[in-house]
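A.B. asks:
Residue numbers (our numbering): 2 to 127.
Right, dumping it as structure tokens:
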């Protein structure tokens with residue numbers, strides 16, 4: 002056994018501690034960013050579902066001619082307000098505004114053709 006180590010163990014232990022700390026910090030940061038991305042993805046999918054479901058409901062009401070020019074749909078995690086206005090003789094513009102507590106308001110426009118009785122175009126703006 003070597004008796005004259007001259008302080009070899011302390012720097013070695015310190016380097017192992019620093020390397021282990023860096024690895025732990027990197028893995029924690031990756032975990033948090035993955036978790037944040039997953040949360041945002043869920044919120045965006047929920048938002049898209051609310052838009053699609055609301056647009057289909059308004060489309061159904063337009064087909065049956067029992068729609069109101071303004072209204073709203075309440076969902077578990079948000080509120081969708083809609084307004085319908087006639088642009089041309091057989092063309093309606095449906096404006097949907099989704100309000101979710103976790104995101105800022107998003108506006109979507111759907112264009113409904115009463116001759117074809119379907120949505121012909123969809124545009125979403127943040």
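Using N, Cα and C, we set each Cβ at its ideal position, and we do this for glycine too.
In this text, all values refer to a predicted model and were calculated from it rather than measured experimentally.
(1) As a quick exercise: from 65, 86, 89, 96, pick the residue whose alpha carbon is nearest that of residue 74.
(2) Please state the DSSP three-state secondary structure of residue 40.
(3) Residue 71: which of 34, 62, 121 sits nearest, CA to CA?
(4) Look up residue 118 in the DSSP assignment and say whether it is helix, strand or coil.
(5) How is residue 7 classed by DSSP in three states: helix, strand or coil?
(6) Shortest alpha-carbon distance to residue 124 belongs to which of 112, 118, 48?
(7) Use the C-beta contact count for residue 107: other C-beta atoms within 10 angstroms, 16 or more gives buried, fewer gives exposed.
(8) Measuring alpha carbon to alpha carbon, tell me which residue in 103, 66, 59 is nearest residue 79.
(9) Mapping the DSSP letters down to three states, classify residue 84 as helix, strand or coil.
(10) Quick one: give me the first and last residue of the beta strand (DSSP E) that residue 145 is part of.
C.D. replies: On the basis of the supplied data:
(1) Position 73 of the chain shown, counting from 1, holds the residue named residue 74. Checked all of 65, 86, 89, 96; the closest Cα to residue 74 is 96.
(2) Your numbering for residue 40 matches position 39 in the chain shown. Looking at residue 40 - three-state DSSP - the assignment turns out to be helix.
(3) Looking up residue 71 in the chain shown gives position 70. Out of 34, 62, 121, 62 has the C-alpha closest to the C-alpha of residue 71.
(4) In the chain shown, counting from the first residue as 1, residue 118 sits at position 117. Three-state result, residue 118: coil.
(5) By one-based count along the chain shown, residue 7 stands at place 6. The three-state secondary structure of residue 7, taken from DSSP, is coil.
(6) Taking the first residue of the chain shown as 1, we reach residue 124 at position 123. The candidate whose alpha carbon is nearest that of residue 124 is 112.
(7) Numbered from 1 along the chain shown, position 106 holds the residue referred to as residue 107. Residue 107 comes out buried.
(8) In the chain shown, counting from the first residue as 1, residue 79 sits at position 78. Residue 79 has its Cα closest to that of 103, out of 103, 66, 59.
(9) Here residue 84 is taken as the residue at index 83 of the chain shown, counted from 1. Reduced to three states, the DSSP call for residue 84 is strand.
(10) Lying before the first or after the last residue shown, residue 145 is absent from the chain, which here runs from 2 to 127.
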